[in-house]
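Chemist: The number in the working numbering is simply the position in the sequence shown, starting from 1, with 847 added.
Yeah, the Cβ is synthetic: ideal placement off N, Cα and C, and Gly gets one too.
The structure under discussion is supplied below as structure tokens; questions concerning it will follow.
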Amino acid sequence: SVIKLQDKVIRLLDDTKKTISTSLKDEIAAQNIEIVETEDTLKVVFIDKILFDSGSAEINEKGKQLLLVVAESIREHKDEKILVEGHTDNRPLGPTLKKKFPSNWELSVARAAAVVRFLQKEGGV
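As structure tokens, then:
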């Protein structure tokens, strides 16, 4: 029934949130990561500097460690939809970066793609 399905979704979200929150408690306390739960989704928000150096679409070492922790938590829920969004600051890109990324939008897309690739290849998601 619908109620049983809703209860299952809520339990799943709660369990995943607890696992991620426990694993990343230091980063959450430092406000580098925020976990937001809505009615039917769980959103893990990373402050961009924790995953990427300024102007870069390559995940830094600390970012890789954190993404592996998240991957471990979500790997158990392969049937669930995972959405990755990339963001940047609004500072204009320098001339060298503009050759690779014409705007911050392209840099955002490259960052999201880098996270997806990492979660798939290294995180087993």
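1. How should residue 929 be labelled, buried or exposed, when 16 other C-beta atoms within 10 angstroms of its C-beta is the threshold for buried?
2. Assuming residue 882 and residue 874 are in contact, meaning their beta carbons sit under 8 Å apart, how far apart are those beta carbons, in whole angstroms?
3. Short check: CB of residue 922 to CB of residue 891, under 7 Å?
4. Throw me the rounded Cβ distance for the residue 898 and residue 871 pair, which I believe falls under 8 Å.
5. My understanding is that residue 918 touches residue 966, with C-beta atoms under 8 Å, so please give their C-beta distance in whole angstroms.
6. How far does the alpha helix (DSSP H) with residue 944 in it reach, from first residue to last?
7. Return yes when the Cβ of residue 959 is within less than 7 Å of the Cβ of residue 916, no when it is not.
8. Let me check one thing: in DSSP terms, what residues is residue 899 bridge-paired to?
9. Pick out whichever of 884, 902, 893 has its Cα sitting closest to the Cα of residue 952.
10. Tell whether a beta-carbon distance below 7 Å holds between residue 961 and residue 894.
11. Out of curiosity, what's the CA-to-CA distance linking residue 866 and residue 889?
12. For my contact list, residue 955 and residue 934 are in at a C-beta cut-off of 8 Å; report their separation, rounded to the angstrom.
Modeler: For this structure:
1. exposed
2. Contact flag wrong, Cβ pair sits at about 10 Å.
3. no
4. Contact flag wrong, Cβ pair sits at about 13 Å.
5. 5 Å
6. 942 to 947
7. no
8. 906
9. 902
10. no
11. 12 Å
12. 6 Å
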